[in-house]
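One structure below.
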Amino acid sequence: MLVTFELILKKNTDNKEFDVDRDRSFEVGVVNIRVHTRHAPEEYFALWKTLFRGKRIAIHSNTAIMIGEARSTDKDDESAPIVGSFYKFLNIDPSQTWFDIARKKKADEDDVSQISIPDYLKPNLTEVPYIFYPKKHRLYFVSKEGGSGHAAPRTIMRMLKRITEDRAVLDRFGKVDVTVVMERAKLEEIYRWKVIKRLELVIERPNPLDYEDEEVMFEYLQGLGAESEQRVWKKARDSRTLQPDAQIKMLAVIASENGKVVASGLDDKLQKISVSSDNFPMMRRGKYSPNTQTLLGALQDLVVKYFM
0 MLVTFELILK
10 KNTDNKEFDV
20 DRDRSFEVGV
30 VNIRVHTRHA
40 PEEYFALWKT
50 LFRGKRIAIH
60 SNTAIMIGEA
70 RSTDKDDESA
80 PIVGSFYKFL
90 NIDPSQTWFD
100 IARKKKADED
110 DVSQISIPDY
120 LKPNLTEVPY
130 IFYPKKHRLY
140 FVSKEGGSGH
150 AAPRTIMRML
160 KRITEDRAVL
170 DRFGKVDVTV
180 VMERAKLEEI
190 YRWKVIKRLE
200 LVIERPNPLD
210 YEDEEVMFEY
220 LQGLGAESEQ
230 RVWKKARDSR
240 TLQPDAQIKM
250 LAVIASENGK
260 VVASGLDDKL
270 QKISVSSDNF
280 PMMRRGKYSP
290 NTQTLLGALQ
300 DLVVKYFM
């Protein structure tokens with residue numbers, strides 16, 4: 000038995016999937032957060048501090064998530080990055096029906112009556128490292144590590160939208176806009192379709208600190224007293240395809256980071272296709288060695304490499 004175990008152990012350790020010392024892969028998602036009270040890094044620092052201190056938990060189905068940790072990388076500079084972790088955990092309802100896996104049937108009342116879990120204890124905690132840049136009002140977070148998911152971009156967006164609806168946040172900052180940043184390459188792919196039948200752009204107020212085009216759009220919406228605008232183009236019957244010009248492409252870039260992009264048509268194989276920016280979040284992949292670096296440290300390095 001000992002020889003057999005040693006052979007199995009050697010076989011497994013020779014397998015890279017089993018090697019605990021090998022580099023681990025991870026993926027990073029991006030969310031754009033925008034306030035419209037004052038466009039300054041200090042305002043975003045104040046927003047994150049308010050959200051963290053609020054300790055509000057966002058629940059979707061049986062999954063709960065909150066801002067668990069937050070600390071500035073420079074306590075004397077409110078524009079410095081903020082790092083920390085989201086806490087994601089199961090929020091089970093003990094009053095629901097229980098299942099007895101030993102007897103493969105619904106648990107009886109006597110067994111259920113023995114269950115005693117304090118309400119303040121929650122199972123399956125996952126810590127999701129993040130880094131928030133007040134200057135860029137962008138949130139970068141670990142979406143996956145290895146083969147396990149940490150938090151999908153839509154999960155983070157949904158959490159932020161819910162906790163920014165807290166009365167204390169609304170009274171201080173007004174409506175906070177949150178957008179999952181779309182993979183920019185997907186726009187170029189849409190433009191290469193054989194036929195673009197319909198293109199829809201939803202543009203929410205951008206933050207004019209970033210780019211000149213976004214500043215023009217912000218001033219335009221601000222002048223109208225509007226918080227968002229929807230634009231739709233449909234292919235004419237006698238046209239082969241929509242042909243987005245430079246103006247439309249510029250608006251699409253803004254919408255990809257400050258709203259939504261939806262398109263439908265025929266791809267290069269003349270197959271029907273429909274895409275939404277919701278389904279194509281910007282993701283960047285990296286690797287790190289757990290023996291020499293933390294996942295948070297690897298996240299910081301990746302963000303500097305790809306986004307700064």
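Going by numbering that gives the first Met the number 0, the first residue of the sequence shown is number 0, and it counts up by one from there. We put the CB at the ideal spot given by N, CA and C, even for glycine. Remember, predicted model here, so these are calculated numbers, not experimental data.
Check                                                                                                                               : Outcome
Cβ-Cβ separation, glycine 28 to serine 147 (assumed contact under 8 Å), whole Å                                                     : The pair is not a contact, with the Cβ atoms about 15 Å apart (cut-off 8 Å).
Arginine 33 in three-state terms, based on DSSP                                                                                     : strand
Check whether tyrosine 129 and glycine 83 have beta carbons under 8 Å apart                                                         : yes
Through-space distance from methionine 282 to serine 78, alpha-carbon basis                                                         : 25 Å
Leucine 301 - DSSP class collapsed to helix/strand/coil                                                                             : helix
Proximal residues to proline 289 (C-beta, below 7 Å), its chain only, five neighbours per side dropped                              : Arg23
Cβ pair arginine 33, proline 243 closer than 8 Å                                                                                    : no
Counted within 10 angstroms of its Cβ, other Cβ atoms place aspartate 176 as buried (16 or more) or exposed                         : buried
Euclidean distance between Cα positions of arginine 239 and asparagine 278                                                          : 27 Å
Under 8 Å between C-beta atoms of alanine 188 and valine 231                                                                        : Just to set this straight, residue 188 is glutamate in the shown sequence, not alanine. Their beta carbons are not under 8 Å apart, which means glutamate 188 does not touch valine 231 by this criterion.
Pair within 8 Å by beta-carbon distance, phenylalanine 140 and isoleucine 155                                                       : yes
Own chain residues within Cβ distance below 7 Å of isoleucine 202, not counting five before or after                                : Met216, Ser227, Glu228, Leu250, Ile253, Ala254, Asn257 and Gly258
Beta-carbon contacts of glutamate 144 that lie in its chain and below 7 Å, excluding the five residues immediately before and after : Arg23, Phe25 and Leu294
Residue range of the beta strand (DSSP E) that includes leucine 138                                                                 : 137 to 144
Cβ distance (whole Å) where glycine 173 is taken to contact threonine 36 below 8 Å                                                  : 6 Å
Buried/exposed call for lysine 271, threshold 16 Cβ in 10 Å                                                                         : exposed
Classification of glutamate 108 by the beta-carbon crowding that lies within 10 angstroms, buried from 16 upward                    : exposed
Endpoints, beta strand (DSSP E) assigned at threonine 178                                                                           : 176 to 179
8 Å Cβ cutoff, isoleucine 272 in contact with chain C                                                                               : Annotation note: the requested chain C is absent from the structure, which comprises a single protein chain.
Bridge-paired residues (DSSP) for leucine 265                                                                                       : Val194 and Lys271
Those runs of the beta strand (DSSP E) which lie wholly inside the stretch 52 to 128 and span at least 3 residues                   : 57 to 59, 62 to 71 and 81 to 89
Glycine 222, enclosing alpha helix (DSSP H) - first and last residue                                                                : 211 to 223
Alpha-carbon to alpha-carbon, arginine 236 and glycine 264                                                                          : 13 Å
Own chain residues within Cβ distance below 8 Å of lysine 105, not counting five before or after                                    : Thr96, Trp97, Phe98 and Asp99
Cβ shell of histidine 149 (< 7 Å), same chain only, five flanking positions each side left out                                      : Thr125, Val127, Val141, Ser142 and Lys143
Nonlocal neighbours in the same chain, by C-beta distance under 6 Å from serine 115, ignoring five residues either side             : none
Contact under 8 Å by Cβ, leucine 298 with lysine 193                                                                                : no
Close-in-space but distant-in-sequence residues of the same chain around histidine 136 (CB under 7 Å, 5 per side omitted)           : Asn31, Ile32, Arg33, Tyr43 and Asn206
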